[in-house]
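Going by the working numbering, the sequence shown opens with residue 47, and the numbers climb by one from there. Just so it is clear, CB atoms sit at the ideal spot from N, CA and C, and this is done for glycine as well.
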Amino acid sequence: MADEFNTLYQIVFLSTVGLLVLLERVQAFQRESIQIAGRWTTNIGLLLIGSVITSLLIPVGIYGFAQAQAPGLLARLGVPATVQILLTLLFLDLWRYWEHRLYHRLPLLWRLHLVHHSDTQIDVTTTERHHPLESILGTAVMMALILALGLPAAGIGLYILAATVVSFYSHANLRLPETLDRLLRQVIVTPPVHAVHHSDLRTETDSNYGTVLTLWDRLFGSYVDPAEASIPHFGLEYFHRAPDTGLGRALQQPFLFRNGMAYPARERSPGGAGGPAAGTPYRLSPALARNWKIALLGGISGCVLASLVLWPTLSGLAALWTNNEAYQYAWLVAPMMVYLLAWDQRRATLAINPQPDFSGVLVAIGAAALWCIAALMNIDVGRQVALVLAVQGIAMAMLGWRPYWRLFPVVALLFLMIPSGDLLQPLLRIATVKAIELFAVVAQLPHKVEGFVVYIGTHRYIVVDECSGLSYVSLAIFLSYSFALLLYRSIFKVVALSLFGALLGMLSNALRVNAIILIDWVRGSQMALTAHGGIQWMALFVTLGLLFFVLSRLKADTPDTAPVAASPEPTNIARQFAPVAAGLAVLLIIGGLLSLPINAQRTPHAATTAAAPQNIAGWQLASPAADWIADPQNQSESLSLTYQRNGREMRVLMVETLSPTAKLTESRLAPGDKEIWREGQIQKQSACVDSHCLSMLHSTWQRDKSESQRHVFYRYGIGGFTTDSKLSLRAMQGWDRLTGDGHNPRLIACIFDDAAPATEDVAAVFLTLQSAVDAGSL
């Protein structure tokens, strides 16, 4: 049902907007002649940013959330469904009235809401002109209301559709016949009624709060009849100058606002209430100089050449952004960088004289070499870093290294597109465990820590990757870095604010997990995982609230208003081809590697293996005939052997890749039954058998709501080389591919249920199995 409602909502949304936009183009229906360029960029930009961030933080929609809730009070009282829907419509509209009124009355909320009122002209796009923080807060509050009252999903869905249609209509730049409008506004909010609310007179701004019905304004004494309103201008008495029009400025307005701030008065424009005169062209001035056009042409050409070999890496990045919520913010990185360079800091950008040189070619060559090394070692993040470095090299070749460094704080945004989980997640998991341990000490709770397993009294908590708070940290870094670029020009201030954002993300996650532990302790039982969502939202809003509070107290650097100087022509024509040379270098180096015969598929093992060791350190083979099983999806094959000794069982699992580009995934080591298992800890252990010593990885799995454990010991290998380090394996794999030896990586694991055997016993098993592999019997 949620998917069907989303489809219906999109149809209603798009058809309503499309119809009203067409009506706004008919001069006979227009309230005033308004400008589109610039305003629409800002309003639609706020809509997109708010929608993306809200969907990242709160993936489930309001209707889907309501549908998942248990029947509420009205249903339990036996109220007929039709009456429930009607009461829900009235209650939600009443709630929206008072919520809107609170946004005007409470100073902190007004900081968020004033962005909606800073539009100096009003049309359909103004409807969605909301600061992202207001969008997040509004969605969360609505969900909390639904959760508390158990309102029926049908009523909520109907109200969302009605509020969408009426809100777009009430903001539209339309003027209906007075008689018709007077009749309509007895019931619903019409454009003249809501226009009063957007007046820059505070007495008129603080009126007509209704979303759908005018009933509440009339009932609570906040209704102002349009016939009695003056509306000198639309917008506010502040933030009405031309520099305030841009998207970046709109995002900064909550932080720039001060009570009693002085702004120059404005006069009524020839175009009507508020804004620039009708028909005034909106320009990005100053225009691009010829040397900028040449530099951009060279940069685009270089990027096109590099993309011929780098597009699979970019495609893989995009798939990761889509499928992993911790990285979905990355879709905003490139648009934010373009906005900063081409709009918010356009004067500083255009004041730079591009002087292409070949310094960037060296960076591009280094990036291509890094890509080749990462490709040989089969390390995705290495290829992703190389992609961003290649773009940086082309940009440096396009601008020259000195101008490039002036823009580096902005173009460095691209590094945030690179998934950071492999580096950050292990550290964040450890930090989460330490935060729980510290909380337990301070709160004097009985506790014990075993790796990533924390015991609080009789409760057991396993800190898995999902508990690390990577989503909090990555999003906080992106938001703080982006806002820092809007506020500051100093790279040190930008980095400091970004680190502060990362710290807030970690504190938010610590608050979340410790709140869960405290609630469980007070209740005496552990809540289900599905109940953690509400606490996750609260912790998130604490993070955003603290970030918002800090940003509101910071003083922005003075915008660069220096005139753009005339740009001299490049003195060396050959240098104009530097960005093309950078892109060509990437193409030739990576293309050369791709043309080598190093990606050949290995021939699979024979279907049946009868030469497995019959006895390993006293363990007897219980399955004499073992088959290699191919896995075409993961381009690998696996062999499973079962050994027994003294009533205990040991399962040996061997996994080998069939392609040099396939990956060994440790997910094969997870218990495959239908129970819920969580990885408690991973340790490195060493043992010696006779004169042979080796190290191995020991992973302990815990079954949910049980004391059952599973111990997995494993090592990697390729050819005759074995290791417990995945990085060493990747390095040897790269060398093996380069020399053409034709070996593929393998994983050997020994799996035990309940108690783990002695490490020397496991080491003897590994040595015997490795001998069998070297002899070709496995």
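Can you tell me where the beta strand (DSSP E) with Y501 in it begins and where it stops? By 1-based counting over the sequence shown, the position of residue 501 is 455. Where Y501 is concerned, the enclosing beta strand (DSSP E) stretches over V499 to I502.
Under a three-way DSSP split, which group does L667 fall into? Numbered from 1 along the sequence shown, position 621 holds the residue referred to as residue 667. L667 falls in the strand class under three-state DSSP.
Element boundaries [alpha helix (DSSP H), containing Q113]: In the sequence shown, counting from the first residue as 1, residue 113 sits at position 67. Here the alpha helix (DSSP H) through Q113 covers I108 to Q113.
Three-way DSSP call (helix, strand, coil) for M700 in this model: Your numbering for residue 700 matches position 654 in the sequence shown. The answer is strand: DSSP assigns M700 an E or B state.
Beta-carbon contacts of R329 that lie in its chain and below 6 Å, excluding the five residues immediately before and after: On the sequence shown, residue 329 is found 283 positions in, with the first residue counted as 1. With a pLDDT of 35 at R329, under the threshold of 50, the predicted position of this residue should be treated as unreliable, though the coordinate-derived value follows. So no residue of the chain qualifies.
Taking the alpha-carbon positions, what's the A74 to R231 distance? Along the sequence shown, read from residue 1 onward, the residue named residue 74 stands at position 28. Along the sequence shown, read from residue 1 onward, the residue named residue 231 stands at position 185. Between A74 and R231, the C-alpha separation is close to 21 Å.
Could you pull the start and end residues of the alpha helix (DSSP H) that D829 belongs to? Here the chain comprises residues numbered 47 to 824, so residue 829 is not present and cannot be evaluated.
Just to confirm, is the Cβ distance from Q130 to A200 under 9 Å? Counted from its first residue, the sequence shown places residue 130 at position 84. Counted from its first residue, the sequence shown places residue 200 at position 154. Yes. Within cutoff.
Given a cut-off of 9 Å on the beta-carbon distance, is the pair V629 and T589 in contact? Within the sequence shown, the letter at position 583 stands for residue 629. Within the sequence shown, the letter at position 543 stands for residue 589. The displayed chain sequence assigns Gly, not Val, to residue 629. No, Cβ-Cβ distance for G629 and T589 is not below 9 Å.
Below 8 Å CB to CB, which residues in the same chain sit around I206 once its five sequence neighbours on both sides are set aside? By 1-based counting over the sequence shown, the position of residue 206 is 160. The residues are Y55, I108 and Y109.
Is the Cβ-Cβ distance between Y284 and F303 less than 9 Å? Taking the first residue of the sequence shown as position 1, residue 284 is located at position 238. Taking the first residue of the sequence shown as position 1, residue 303 is located at position 257. In contact: Y284 and F303 (Cβ atoms closer than 9 Å).
Would you mind giving the Cβ-Cβ distance between N424 and K709, rounded to the nearest angstrom? I have them listed as a contact below 8 Å. Your numbering for residue 424 matches position 378 in the sequence shown. Your numbering for residue 709 matches position 663 in the sequence shown. Sure, about 6 Å apart at Cβ, within 8 Å.
Could you give the distance in angstroms between the alpha-carbon of L667 and the alpha-carbon of S686? As a working note, residue 667 is residue 621 in the sequence shown. As a working note, residue 686 is residue 640 in the sequence shown. Straight-line Cα distance between these residues: approximately 11 Å.
In angstroms with no decimal places, state the Cα-to-Cα distance between L387 and V379. Stepping through the sequence shown from its first residue, residue 387 is reached at position 341. Stepping through the sequence shown from its first residue, residue 379 is reached at position 333. For L387 and V379, the distance between alpha carbons rounds to 12 Å.
Whole-angstrom Cβ separation of T88 and A296, contact assumed at under 8 Å? Stepping through the sequence shown from its first residue, residue 88 is reached at position 42. Stepping through the sequence shown from its first residue, residue 296 is reached at position 250. Yes, they are in contact, since the Cβ atoms of T88 and A296 sit about 5 Å apart, within 8 Å.
Return the chain-ordered list of same chain residues with a C-beta closer than 6 Å to the C-beta of A809, the five sequence neighbours on each side being excluded. The count along the sequence shown starts at 1 and reaches residue 809 at position 763. Correct list, in chain order: A733, V735 and L740.
Do you know offhand how far G763's Cα is from L824's? Taking the sequence shown and counting its residues from 1, one reaches residue 763 at position 717. Taking the sequence shown and counting its residues from 1, one reaches residue 824 at position 778. Rounded to whole angstroms, G763 to L824 spans 13 Å at the Cα level.
Could you work out which residue in A436, D169, T134 and W417 is closest to G428 when comparing CA atoms only? Taking the first residue of the sequence shown as position 1, residue 428 is located at position 382. Among A436, D169, T134 and W417, the Cα nearest to that of G428 is on W417.
Report the residue ranges of all beta strand (DSSP E) runs contained in full by the segment 466-544; include only those spanning at least 3 residues, in chain order. 493-496, 499-502 and 505-508
Express the C-alpha separation of R558 and Q113 in angstroms, rounding to a whole number. Here residue 113 refers to the residue found at position 67 of the sequence shown. Here residue 558 refers to the residue found at position 512 of the sequence shown. For Q113 and R558, the distance between alpha carbons rounds to 25 Å.
Can at least three beta-carbon pairs, one atom from the segment 232-249 and one from the segment 260-277, be found at a separation below 8 Å? yes
Are the CB atoms of T100 and I182 nearer to each other than 9 Å? Numbered from 1 along the sequence shown, position 54 holds the residue referred to as residue 100. Numbered from 1 along the sequence shown, position 136 holds the residue referred to as residue 182. In contact: T100 and I182 (Cβ atoms closer than 9 Å).
Closer than 8 Å to a non-hydrogen atom of the ligand GDP - does that hold for the CB of S520? Because no ligand of any kind appears in the structure shown, any question about the ligand GDP cannot be addressed here.
Buried or exposed: W389, going by 16 or more other Cβ atoms within 10 Å of its Cβ? By 1-based counting over the sequence shown, the position of residue 389 is 343. With 16 or more Cβ atoms within 10 Å of its Cβ, W389 is classed as buried.
Using a Cβ-Cβ distance under 9 Å, would S817 count as near chain D? Reference to chain D is not applicable here, since this structure consists of a single protein chain.
Expected contact under 8 Å - CB spacing of A410 and G439 to nearest Å: As a first step, residue 410 is located in the sequence shown; it is residue number 364 there, counting from the start. As a first step, residue 439 is located in the sequence shown; it is residue number 393 there, counting from the start. Sure, about 3 Å apart at Cβ, within 8 Å.
Quick one: measure Cβ to Cβ for L433 and T478, integer angstroms, because I've assumed they're closer than 8 Å. Within the sequence shown, residue 433 is the residue found at index 387, counting from 1. Within the sequence shown, residue 478 is the residue found at index 432, counting from 1. About 31 Å; that fails the 8 Å criterion.
Spatially closest choice to D820 from A801, L474 and G766, by CA coordinates: Here residue 820 corresponds to residue number 774 of the sequence shown, with the count starting at 1. For D820, the nearest C-alpha among the options comes from G766.
Is it the case that the Cβ atoms of A121 and P237 are separated by a distance below 9 Å? What you label residue 121 is simply residue 75 of the sequence shown in a count that begins at 1. What you label residue 237 is simply residue 191 of the sequence shown in a count that begins at 1. Going by C-beta atoms, A121 is not nearer than 9 Å to P237.
Reduced DSSP secondary structure (H/G/I, E/B, other) of G320: Residue mapping note: residue 320 aligns to position 274 of the sequence shown, counting from 1. Any answer about G320 is weak, because its pLDDT of 44 lies below 50 and its placement is not dependable; what the coordinates show is given next. It is coil, neither helix nor strand.
With DSSP as the reference, please indicate the residues paired to Y762 in a beta bridge. The count along the sequence shown starts at 1 and reaches residue 762 at position 716. Per DSSP, T769 and L793.
Can you give the beta carbon distance from A441 to G412, rounded, assuming they're within the 8 Å contact cut? Working through the sequence shown from its first residue, we reach residue 441 at position 395. Working through the sequence shown from its first residue, we reach residue 412 at position 366. Not a contact, Cβ separation roughly 14 Å.
Three-state secondary structure assigned by DSSP to Q690: In the sequence shown, counting from the first residue as 1, residue 690 sits at position 644. Q690 falls in the strand class under three-state DSSP.
Looking at the structure shown, is E283 part of a helix, part of a strand, or coil, going by DSSP? Numbered from its first residue, the sequence shown carries residue 283 at position 237. If DSSP states are grouped into helix, strand and coil, E283 belongs with coil.
Return the first residue and the last residue of the beta strand (DSSP E) that T746 is part of. As a working mapping, residue 746 is identified with position 700 in the sequence shown. Note, T746: beta strand (DSSP E), H738 to R749.
At what residue ranges does the segment 435-465 contain a whole run of the alpha helix (DSSP H), taking only runs of 4 or more? 447-457
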